[in-house]
Amino acid sequence: MSVDAAELNEKLHRKDIRDRWFLSAPALILIGVASVGPLLIVLLYSFLAPGNYGDVKWAFSTDGWFNVFFSRDIFDDTVSLADAHFTIFWRSIRLALATTVLCLIFGFPTAYFIATRAPQNRSIWLFLITIPFWTNMLIRAFAIQEVIRSEGLINTILIKLGIIQAPIQMLFTDFAILLGMTYVHLPLMVLPLYASLEKLDFRLIEAAYDLYASRFNVLMKVIVPLVKPGIIAGSILVFIPALSSYVIPRVLGGGKNLMIGNLIELQFGQGRNWPLGAALSVTLVVIVLFAMLYYVRNAGKNGGSAHG
Amino acid sequence: MAKRFSIRRQPGFATIAMFSFFVLYLPIATLVVYAFNSGTSIATWEGFSLRWFQSAWQNQQVIEASIRSLQIASIAAVIATVCATLAALATTRTAPYRGLTFKYSMVNMPLLVPEIVTAVALLILFSRIKVWTGYSGLGYLILAHSAFCVPFAYLPIRARLESMDLSLERAAADLYANAFQTFRYVTLPLLWPGILAGLMLAFVISLDDVVITEFVKSGGQDTLPTYMLGQLRRVVTPEMNAISTVFLMLSLAIVTVFFFLSRNPQKDDK
Numbered sequence: 043m044s045v046d047a048a049e050l051n052e053k054l055h056r057k058d059i060r061d062r063w064f065l066s067a068p069a070l071i072l073i074g075v076a077s078v079g080p081l082l083i084v085l086l087y088s089f090l091a092p093g094n095y096g097d098v099k100w101a102f103s104t105d106g107w108f109n110v111f112f113s114r115d116i117f118d119d120t121v122s123l124a125d126a127h128f129t130i131f132w133r134s135i136r137l138a139l140a141t142t143v144l145c146l147i148f149g150f151p152t153a154y155f156i157a158t159r160a161p162q163n164r165s166i167w168l169f170l171i172t173i174p175f176w177t178n179m180l181i182r183a184f185a186i187q188e189v190i191r192s193e194g195l196i197n198t199i200l201i202k203l204g205i206i207q208a209p210i211q212m213l214f215t216d217f218a219i220l221l222g223m224t225y226v227h228l229p230l231m232v233l234p235l236y237a238s239l240e241k242l243d244f245r246l247i248e249a250a251y252d253l254y255a256s257r258f259n260v261l262m263k264v265i266v267p268l269v270k271p272g273i274i275a276g277s278i279l280v281f282i283p284a285l286s287s288y289v290i291p292r293v294l295g296g297g298k299n300l301m302i303g304n305l306i307e308l309q310f311g312q313g314r315n316w317p318l319g320a321a322l323s324v325t326l327v328v329i330v331l332f333a334m335l336y337y338v339r340n341a342g343k344n345g346g347s348a349h350g
Numbered sequence: 512m513a514k515r516f517s518i519r520r521q522p523g524f525a526t527i528a529m530f531s532f533f534v535l536y537l538p539i540a541t542l543v544v545y546a547f548n549s550g551t552s553i554a555t556w557e558g559f560s561l562r563w564f565q566s567a568w569q570n571q572q573v574i575e576a577s578i579r580s581l582q583i584a585s586i587a588a589v590i591a592t593v594c595a596t597l598a599a600l601a602t603t604r605t606a607p608y609r610g611l612t613f614k615y616s617m618v619n620m621p622l623l624v625p626e627i628v629t630a631v632a633l634l635i636l637f638s639r640i641k642v643w644t645g646y647s648g649l650g651y652l653i654l655a656h657s658a659f660c661v662p663f664a665y666l667p668i669r670a671r672l673e674s675m676d677l678s679l680e681r682a683a684a685d686l687y688a689n690a691f692q693t694f695r696y697v698t699l700p701l702l703w704p705g706i707l708a709g710l711m712l713a714f715v716i717s718l719d720d721v722v723i724t725e726f727v728k729s730g731g732q733d734t735l736p737t738y739m740l741g742q743l744r745r746v747v748t749p750e751m752n753a754i755s756t757v758f759l760m761l762s763l764a765i766v767t768v769f770f771f772l773s774r775n776p777q778k779d780d781k
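Structure, rendered in structure tokens:
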């Protein structure tokens with residue numbers, strides 16, 4: 043009898059799992075067709091030859107990948123490293139890292155501030171952080187553009203106060219991109235930091251003060267290690283979209299200060315070199331994957347100790 | 512000096528926090544204020560007027576782009592939410608089983624892949640299909656939007672499901688409700704706030720999208736964001752501010768409702 047029960051259970055279990063596959067099928071198919079699947083096509087295209095007017099010729103070629111790293115002189119066929127690409131990649135990584143650091147500098151105190159409010163008020167502060175986040179990215183970029191343009195708010199105020207005579211050129215510089223990216227991504231840093239800080243056990247801080255720790259030591263040696271998972275999560279959440287920014291550099295960088303995203307677009311627009319664009323896209327995905335991998339490894343290590 | 516010593520205080524943190532909030536809202540506030548400027552400049556204030564709202568309202572391109580945006584966002588949000596609800600039911604409240612991790616990572620994948628790469632991938636795929644089938648309607652945009660909205664709709668639904676009490680469904684089953692009845696009369700009503708929250712999140716995300724739309728759209732298929740992106744290259748008048756302000760108000764309204772729907776799921780269970 044117990045054997046029958048076990049068999050029945052096993053059958054029910056198998057049916058349950060089958061049902062669960064049916065239930066998830068629509069989402070899996072939708073994402074497979076219109077989000078993940080096409081990435082494989084990008085990989086395929088990176089190994090084809092460019093067509094004359096965009097698109098590709100159906101012939102195997104490694105030119106796309108070759109062109110990511112090297113450039114061939116049109117006149118004497120000499121091969122040299124593709125400086126332009128390396129410069130843009132390096133710029134993008136630098137800007138994304140700087141954005142992450144700035145978001146951390148402003149986001150950490152902000153998250154800490156919210157986490158130390160009275161519990162009933164916290165959700166209002168959090169709401170205030172989330173509103174700009176749900177505001178269209180383009181509108182936020184446009185808003186930044188207005189504030190920093192030559193006849194914009196900042197320059198007008200500085201001139202009125204007599205601090206400067208002529209407006210400072212801020213728009214269409216790296217500074218503008220950095221400002222815009224920090225502005226846009228700050229909530230992504232604050233939210234995971236808040237989630238960590240909210241769980242912070244203040245008895246530990248009390249203990250540190252009892253042992254004559256200074257405020258700075260409490261911050262660096264007690265609080266920061268305890269919320270490290272939040273810091274890593276926030277940094278990754280900022281770094282990845284910042285690295286692949288397209289709208290911000292386009293609107294605030296004014297077309298000459300490119301980032302990887304704009305370089306990719308160029309290959310599908312004016313450049314008409316789809317295989318190169320595809321290879322650049324794959325490169326970007328690989329960088330993002332490495333960042334994710336770093337996150338998963340570190341979050342796994344520290345997540346355990348933080349809860350212990 | 513007389514401030515009481517508090518272990519929670521860190522010097523300067525409150526100041527930085529206030530500065531962050533100020534900086535977050537200053538550009539948006541400026542943008543909204545200049546939407547009401549009567550002059551043609553977006554930098555010098557010349558007096559209060561609603562003329563730019565009027566001019567945006569009479570701009571055929573703006574109206575068409577707005578309608579297209581709303582159309583795409585509504586359809587895509589519904590498709591994404593239905594898929595996400597089913598996927599959430601399939602991936603929660605169970606012991607780990609083979610394929611669970613796969614499903615979970617598939618559903619969240621659109622969040623991880625850089626948007627520009629997805630955009631390029633869809634451009635390649637859809638441009639082929641356009642040649643093969645000759646169809647170049649809004650279907651491509653709706654399909655693309657539905658896909659990247661799934662993880663956003665999935666998040667609140669899954670959260671709601673996980674905080675739900677299993678005992679009610681067990682009770683229904685004990686009272687001889689079949690699987691469908693249990694779902695229809697017990698699970699679904701309890702899950703409803705999560706589904707609505709997911710729907711609204713998906714709607715806002717679709718409405719805001721620039722990058723994927725910019726690459727996937729065929730000629731004459733501008734949505735409001737891609738129309739604005741095109742306009743930003745030219746001389747900008749406060750009409751842009753007016754459009755942005757209306758857009759902002761719409762997002763704000765949706766997010767406020769979302770906020771109240773998704774907070775404290777346990778509270779309204781009782």
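Residue numbers (my numbering), protein chains in the order written: chain A, 43 to 350; chain B, 512 to 781.
Beta carbons: idealized from backbone N, C-alpha and C, even for Gly.
Where do the ends of the beta strand (DSSP E) carrying residue i lie?
i                           : result
leucine 305 of chain A      : Taken as a continuous stretch (DSSP letters only), leucine 305 of chain A belongs to no beta strand (DSSP E), being part of the alpha helix (DSSP H) at 302-310.
serine 122 of chain A       : 121-123
serine 77 of chain A        : Element bounds for serine 77 of chain A: n/a, residue is neither H nor E.
phenylalanine 19 of chain A : As shown, chain A starts at 43 and ends at 350. That puts residue 19 of chain A outside it, with no answer to give.
Should residue i be labelled buried (16 or more other beta-carbon atoms within 10 Å of its own) or exposed?
i                         : result
leucine 50 of chain A     : exposed
tyrosine 154 of chain A   : buried
glutamate 673 of chain B  : exposed
lysine 614 of chain B     : buried
glutamine 777 of chain B  : Because glutamine 777 of chain B sits at a pLDDT of 49, beneath the cut-off of 50, its placement in the model cannot be relied upon, and the following sentence gives the value as read from the coordinates. By the neighbour-count rule (16 or more Cβ atoms within 10 Å), glutamine 777 of chain B is not buried but exposed.
glutamate 52 of chain A   : exposed
leucine 772 of chain B    : buried
lysine 728 of chain B     : buried
methionine 212 of chain A : buried
methionine 334 of chain A : exposed
alanine 47 of chain A     : exposed
glutamate 506 of chain B  : As displayed, chain B neither begins before 512 nor continues past 781, which places residue 506 of chain B out of reach and without an answer.
Can you name the residues of chain A whose CB is closer than 7 Å to the CB of residue i?
i                     : result
serine 531 of chain B : Phe148, Thr152 and Leu228
lysine 614 of chain B : Ser66 and Leu70
Under 8 Å between beta-carbons, which chain A residues line up against residue i? List them in chain order, please.
i                         : result
arginine 538 of chain B   : In the sequence as presented, arginine is not what sits at residue 538 of chain B; that position holds proline. By Cβ distance, chain A contributes Arg182, Ala185, Ile186, Glu188, Val189 and Tyr225.
methionine 620 of chain B : Ile73, Ser77 and Val78
proline 522 of chain B    : Arg257
In the DSSP assignment, find the alpha helix (DSSP H) that holds residue i and state where it starts and stops.
i                        : result
valine 618 of chain B    : 611-623
serine 549 of chain B    : Serine 549 of chain B -> no alpha helix (DSSP H), and no H or E assigned at all.
valine 98 of chain A     : Valine 98 of chain A -> not in any alpha helix (DSSP H); beta strand (DSSP E) instead, spanning 98-102.
arginine 579 of chain B  : 571-602
valine 260 of chain A    : Where valine 260 of chain A is concerned, there is no enclosing alpha helix (DSSP H), given that its DSSP letter is neither H nor E.
arginine 681 of chain B  : 677-685
proline 271 of chain A   : 270-285
alanine 91 of chain A    : Premise fails: alanine 91 of chain A lies in the beta strand (DSSP E), 90-92, not in any alpha helix (DSSP H).
glutamine 187 of chain A : 179-190
threonine 724 of chain B : 722-727
glycine 222 of chain A   : 216-240
What residues from chain B crowd round residue i, counting only those whose CB sits closer than 8 Å?
i                         : result
methionine 212 of chain A : Residues of chain B passing the Cβ test: none, with the nearest at roughly 13 Å.
tryptophan 63 of chain A  : Ala601 and Gly610
methionine 334 of chain A : Leu623
valine 327 of chain A     : Val624, Pro625 and Val628
tyrosine 87 of chain A    : Ile635
Cβ closer than 9 Å: which chain A residues qualify as neighbours of residue i?
i                       : result
arginine 579 of chain B : Within chain A, no residue comes near arginine 579 of chain B; the closest Cβ sits about 15 Å away, beyond 9 Å.
I want to verify the contact list: residues of chain B whose CB lies under 7 Å from the CB of residue i, in sequence order.
i                         : result
tryptophan 176 of chain A : Val715, Ser762 and Val766
serine 323 of chain A     : Val628 and Val631
glycine 303 of chain A    : Ile627
Report the neighbours of residue i on chain B: residues whose CB is nearer than 9 Å to its CB, in chain order.
i                         : result
valine 330 of chain A     : Leu623, Val624, Pro625 and Val628
valine 110 of chain A     : Correct list: empty, because the minimum Cβ distance to chain B is about 14 Å.
tryptophan 100 of chain A : Neighbours of tryptophan 100 of chain A on chain B: none; closest Cβ ~12 Å, over 9 Å.
tyrosine 288 of chain A   : Pro625, Glu626, Ile627, Ala630, Val721, Val722 and Glu725
Original post:
If we count Cβ pairs, one from each stretch, closer than 8 Å, do we get three or more for the stretch 588-599 of chain B versus the stretch 653-665 of chain B?
Top reply: yes
Original post:
Is the stretch 101-120 of chain A touching the stretch 251-260 of chain A, taking contact as three or more C-beta pairs under 8 Å?
Top reply: no
Original post:
For the stretch 553-566 of chain B against the stretch 746-757 of chain B, are there 3 or more C-beta pairs whose distance is under 8 Å?
Top reply: yes
**OP:** Select from the stretch 709-737 of chain B all residues with a C-beta closer than 8 Å to any C-beta belonging to chain A, and list them in chain order.
**Re:** Val715, Leu718, Asp719, Val721, Val722, Phe726 and Pro736
**OP:** Report yes or no: do the stretch 229-242 of chain A and the stretch 263-280 of chain A share at least 3 C-beta pairs separated by less than 8 Å?
**Re:** yes
Original post:
With contact counted as at least three CB pairs below 8 Å, one residue from each stretch, are the stretch 302-321 of chain A and the stretch 285-293 of chain A in contact?
Top reply: yes
Original post:
If we count Cβ pairs, one from each stretch, closer than 8 Å, do we get three or more for the stretch 54-67 of chain A versus the stretch 595-606 of chain B?
Top reply: yes
**OP:** Give, in chain order, every residue of the stretch 656-681 of chain B whose Cβ lies closer than 7 Å to some Cβ of chain A.
**Re:** Ser657, Ala658, Phe659 and Val661
Original post:
Name the residues in the stretch 50-61 of chain A whose C-beta lies less than 7 Å from a C-beta of chain B; which are they?
Top reply: Ile59
Original post:
According to a CB-to-CB cut-off of less than 7 Å, which residues of the stretch 237-264 of chain A neighbour chain B?
Top reply: Phe244, Ile247, Glu248, Tyr251, Arg257 and Leu261
Original post:
If you pair each beta-carbon of the stretch 646-658 of chain B with each one of the stretch 677-697 of chain B, do three or more pairs fall below 8 Å?
Top reply: no
Original post:
Taking one C-beta from the stretch 537-556 of chain B and one from the stretch 692-706 of chain B each time, how about it: are there three or more such pairs within less than 8 Å?
Top reply: no
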